[in-house]
DNA sequence: TCAATCGTTTGACTAAAGTCAAAGAACTAT
DNA sequence: ATAGTTCTTTGACTTTAGTCAAACGATTGA
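Chains as they are written, first to last, in my numbering: chain A, 2 to 290; chain B, 2 to 290.
Quick look at the structure:
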């Protein structure tokens, strides 16, 4: 992908410098990055994996920031081995100040553009970012009983419980055995190691599968992830020898319905009676597609 | 500009790493960057200013690359103080190899996207890059006799001499005194310190200006730079108390004509007779706009 | 309960990145 | 011709960045 490389080269040389050298100012880059990554408090373990740092290196930088009064380190409430790090007011002030500076710099850079072009640039960057994020998310087949799978289902249940007027009863969730091995499949979408979406496939009857629990974390919405999960589920259905997949949705989930229609699903009569189901869809699968 | 900052942060963390850490591989980053920046041979002076390096630091890195057989250093033909650095075949092979690797990596990253989205991403990145380039170009008022001004006019003359069937006679270029002080203005557009475009304004008669020699280097075309230069010239005309600006163009310069029309110019009868003029335009200036 | 593992700290490093100043050859302007 | 400037090289640093292994308390799994 030459375009990406070209863009990358241009961008990091021209704009990246803006960030790293102005932002760092009188602080080593490593420390500055750390300060930014802390946000509203994280564990050292989390930071270590997010930034890919050596444990010793991180420990020393933390100590330095602490002695400068920028961060506070505490023992994690649930596990005495872990440390939780958070910004002090001074630390937060510094982060804010750097953000202000970066904004001013960016503002200056865009000064030369008229309003139309500026809007165009912002939109293009937003699109790039959205698609790059989507590209970086992986959708993986996991066991339906895996902790990540259950975590996603819990989040899914909580989301729709808040959304359905009648609430949602978790006993309606798929059981691990319904979605494993020959019976079905369960996918979890990961962004930077964190689960941000899921989807389940189970066998309804021979040759017919049912898609359930397609869920996307609210921070990962509007990227087109649901559709990717759906594609993955359909591929799995084909691999399981299914010719048709069905699904039902609640009347309140209008975006979901629109997505299913756009993905080639057609509305059908009720194939099962269900408290939460008001619309039923079906898609005939193309072998190999 | 929060959007730019957000994008920047995301992009450098996610994609920039791709570049810097995979590309460097068994070579310090500084050296790798140097190797890339050399391209088809540059002076050390140029490299130093482009990458913002300390002279001593650069000298040492150069020596290291030289002893590895990656670059060749020669005395500059025109100035014995300067050194010219260029890639050896081995150096070029390494750059090519790194590029291949970066492409493969980018390709892998975009694997997850379907063709539509991939195309959308590429377009969005190209748009971003184009507009960022445009934003980074400065248009500056310079003396019509300045070396950069004359260099631009020479390039302009060479361009149109190649384009006009009848050729172009440089005696038709504006004289420095026509475009300085009260009489007019001359603007040069700079990208990373290099002149990449120009435009001249001279007084035709009281209250009426003429725009001439709007030129953009071929590597900076299709960015919207001509229009920016035009805007700058119109602003200068207003500042000079002019109410109207006119210009003429050659029949072969159809894109230029389209741009003038789109910028609010209307075609008028010949206001001057001229070998190279086939179309005449005029724009009434809004005070303050 | 006891061995294995986890998360962190500390010590002891190395390599890369960058700075500063002195010096010398080459050029420029007067 | 000469004083001042430019460009590069060299020496002598300092700071950042990063690695590796030992050690230790806390937790987990068998």
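Ideal Cβ placement from N, Cα and C applies to all residues, glycine included.
- Every alpha helix (DSSP H) of 4 residues or more that sits fully in the region 234-275 of chain B is shown, in chain order, as 255-263.
- Assignment of alpha helix (DSSP H) within the region 141-180 of chain B, counting only whole runs of 4 or more residues, yields 148-164 in chain order.
- Burial check for residue 190 (chain B): the Cβ neighbour count within 10 Å reaches 16 or more, so the residue is buried.
- For a Cβ distance threshold of 8 Å, residue set 128 and 132 of chain A lies close to residue 121 (chain B), ordered along the chain.
- Considered as a whole, the region 188-231 of chain B harbours no complete run of any alpha helix (DSSP H) with no fewer than 4 residues.
- The beta carbon of residue 111 (chain A) falls within 7 Å of a beta carbon belonging to chain B, placing the residue at that interface.
- Residues of chain A with a Cβ closer than 9 Å to the Cβ of residue 104 (chain B) are, in chain order, 2, 3, 5 and 6.
- Here residue 235 (chain B) is buried. Its C-beta has 16 or more other C-beta atoms within 10 Å.
- Residue 261 (chain B) is outside the set of residues whose beta carbon lies under 7 Å from a beta carbon in chain A.
- Fewer than three beta-carbon pairs drawn from the region 112-132 of chain B and the region 178-197 of chain B are found closer than 8 Å, and the two stretches are therefore not classed as touching.
- From the beta-carbon of residue 35 (chain B), no residue of chain A is found nearer than 8 Å; the closest lies around 13 Å away.
- Below 8 Å, too few C-beta pairs join the region 72-90 of chain B and the region 104-123 of chain B to call them touching: fewer than three.
- At a C-beta separation below 9 Å, residue 136 (chain A) has these neighbours in chain B: 110, 111, 112, 113, 114, 118, 119 and 122.
- For the pair residue 85 (chain A) and residue 93 (chain A), the CB atoms are not nearer than the 7 Å cut-off.
- Neighbours of residue 266 (chain B) in chain A, taken as residues at a C-beta separation under 9 Å, are lacking, since the least C-beta distance is about 17 Å.
- Of the candidates B:154, B:112 and B:4, B:112 places its Cα closest to the Cα of residue 139 (chain A).
- Straight across, the Cα-Cα distance linking residue 276 (chain B) with residue 35 (chain B) is about 49 Å.
- Annotation: residue 280 (chain A) to residue 265 (chain A) spans about 15 Å, alpha carbon to alpha carbon.
- A Cβ-Cβ contact shorter than 7 Å links residue 246 (chain A) with residue 238 (chain A).
- At a beta-carbon threshold of 7 Å, the residues of chain B lying near residue 11 (chain A) are 130, ordered along the chain.
- Look at residue 125 (chain A): its C-beta is under 7 Å from a C-beta on chain B.
- DSSP places residue 85 (chain A) in the uninterrupted beta strand (DSSP E) bounded by 84-88.
- As DSSP reads the structure, residue 284 (chain A) sits in a beta bridge with A:246.
- Here the alpha carbons of residue 9 (chain A) and residue 43 (chain B) stand approximately 22 Å from one another.
- Separation of residue 68 (chain B) and residue 137 (chain A) (C-alpha to C-alpha, rounded to the nearest whole angstrom) is 40 Å.
- With 16 or more neighbouring CB atoms inside 10 Å of its own CB, residue 99 (chain B) falls in the buried class.
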